[in-house]
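Going by this note's numbering, the first residue of the sequence shown is number 71, and it counts up by one from there.
We put the beta carbon where it would ideally sit given N, CA and C, even for glycine.
No experiment lies behind these values; they were computed from the predicted model shown.
Each remark here refers to the structure printed beneath this line.
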Amino acid sequence: MRIITTLLLVFIFVATASAQDRYTIFDGKGRPATFEQVLDAIGKVDVVFLGEYHDDAVAHGLQFEILRLSHERFRPKRKVALSLEMFERDVQSILDEYLSGLITENHFLSSSRPWNNYRTDYRPMVEYAKANGIRVLAANAPRRYVNMVSRKGRGSLNDLSREAKRTLAPLPFAQASPEYSKKFNALMGQNSPEMKAGLLNILDSQSLWDATMAHAISLQLKQRDSLVIHVNGAFHSEGRLGTPEHLEKYKSGVRYIVVTMRYEDDFKTFDSSRHEGLGDFVILTDKSVPRSFTR
Numbered sequence: 071m072r073i074i075t076t077l078l079l080v081f082i083f084v085a086t087a088s089a090q091d092r093y094t095i096f097d098g099k100g101r102p103a104t105f106e107q108v109l110d111a112i113g114k115v116d117v118v119f120l121g122e123y124h125d126d127a128v129a130h131g132l133q134f135e136i137l138r139l140s141h142e143r144f145r146p147k148r149k150v151a152l153s154l155e156m157f158e159r160d161v162q163s164i165l166d167e168y169l170s171g172l173i174t175e176n177h178f179l180s181s182s183r184p185w186n187n188y189r190t191d192y193r194p195m196v197e198y199a200k201a202n203g204i205r206v207l208a209a210n211a212p213r214r215y216v217n218m219v220s221r222k223g224r225g226s227l228n229d230l231s232r233e234a235k236r237t238l239a240p241l242p243f244a245q246a247s248p249e250y251s252k253k254f255n256a257l258m259g260q261n262s263p264e265m266k267a268g269l270l271n272i273l274d275s276q277s278l279w280d281a282t283m284a285h286a287i288s289l290q291l292k293q294r295d296s297l298v299i300h301v302n303g304a305f306h307s308e309g310r311l312g313t314p315e316h317l318e319k320y321k322s323g324v325r326y327i328v329v330t331m332r333y334e335d336d337f338k339t340f341d342s343s344r345h346e347g348l349g350d351f352v353i354l355t356d357k358s359v360p361r362s363f364t365r
């Protein structure tokens, strides 16, 4: 009953958000677009990256709808899979056990290190996947190894066991592209030479994150007719940088689109200086909607 209630609340929220015009869809150049156009584009690719602000309630509702409608529209010709930044690759077996009904939700959550906003923001998608036999990928690099790279550098990964390395992208993982590095450095701001040297390790840790998610997606794409819906923080995919770049290295000729969602005070106006090129589609959501969780 609790699962059904949660899903109903999501359906109601999305319908209400649509009725109250709580989001506006544009293509990457700022031309008005529709939800139907987004779905049509999804049907022509192997992967759709859904970039979010993690506390954006409207975006989470839209992600659920994209998953649901993609599954309904493209089955049985396409094998839809849900890929999540929010779970790390070393808990894949635990996630699989839960999806197959072998373990309870309490044991799943106590063992899989879910994000603190799992119940409000990602549980509806996982429960929908569970109810419909959809594969869910725990795509992210284990946080302890990301932290290790930020402290000790990428070379420290070579000291890990073979089993530990299997939870990461193949080593050595690729460096961040110049464009991604520029975006990262702009985000971090100006720093002293000493701090800049430390930032190289942090950038490498970010790239490990991106590369590992990309590698997880590429493994799923080995299944014929796969369609992967991947959810991540917007920084990992906006501008087709980061995780999409690494995916191209693992899967030649991969077809994908990037949908970037971000909340704005004026969510009906596309500001080309800030929004152009963020994705193949850019969805601006109403910032006045309460955050889905408190940071």
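Query: I need the straight-line Cα distance from residue 117 to residue 204, nearest angstrom please.; Result: 15 Å
Query: Between the segment 102-112 and the segment 349-360, do three or more beta carbon pairs fall short of 8 Å?; Result: yes
Query: Residue 179 lies in the alpha helix (DSSP H); which residues open and close that run?; Result: 175-181
Query: Note down the Cα distance separating residue 177 from residue 241, rounded to an integer number of angstroms.; Result: 32 Å
Query: So is residue 315 buried or exposed if we call it buried at 16+ other beta carbons inside 10 Å?; Result: buried
Query: Where does residue 309 land, buried or exposed, given buried means 16+ other C-beta within 10 angstroms?; Result: buried
Query: If you compare alpha carbons, which of 101, 198, 124 and 181 is closest to residue 137?; Result: 198
Query: Using 8 Å for Cβ pairs, my map puts residue 313 next to residue 210. What's the rounded Cβ distance?; Result: Actually they do not touch by this definition, with Cβ atoms about 10 Å apart.
Query: Where does residue 195 sit, in a helix, a strand or coil, going by DSSP?; Result: helix
Query: Roughly how many angstroms lie between the CA atoms of residue 253 and residue 273, to the nearest whole one?; Result: 11 Å
Query: Is the segment 128-144 close to the segment 159-174, with three or more CB pairs under 8 Å?; Result: no
Query: Could you check what DSSP says for residue 230 in three-state terms: helix, strand or coil?; Result: coil
Query: At a cut-off of 7 Å, would you count residue 227 as near the ligand ADP, judging by its Cβ distance to the nearest heavy atom?; Result: The ligand ADP is not part of this structure, which contains no ligands at all.
Query: Taking Cβ to Cβ, would you say residue 357 is nearer than 8 Å to residue 340?; Result: no
Query: Quick one: is residue 212 buried, meaning 16 or more other Cβ sit within 10 Å of its Cβ, or exposed?; Result: buried
Query: If you reduce the DSSP assignment to three classes, tell me which class residue 210 lands in.; Result: strand
Query: From which residue to which residue does the alpha helix (DSSP H) around residue 60 run?; Result: Residue 60 lies beyond the range of the chain shown here (71 to 365); nothing can be said about it.
Query: Between 102, 119 and 91, which has its C-alpha nearest residue 342's C-alpha?; Result: 102
Query: Does the segment 229-238 come close enough to the segment 178-197 to have 3 or more Cβ pairs within less than 8 Å?; Result: no
Query: From residue 78 to residue 227, what distance separates their C-alpha atoms?; Result: With a pLDDT of only 45 at residue 78, under the threshold of 50, the placement of this residue in the model should not be trusted, and no figure is reported.
Query: Identify every residue that forms a DSSP beta bridge with residue 300.; Result: 119 and 153
Query: Identify, in the order they occur along the chain, each residue of the same chain with its Cβ nearer than 8 Å to the Cβ of residue 333, setting aside the five sequence neighbours on each side.; Result: 123, 126, 128, 129, 354, 355, 356, 357 and 359
Query: Just to confirm, are residue 119 and residue 302 a CB contact at a threshold of 8 Å?; Result: yes
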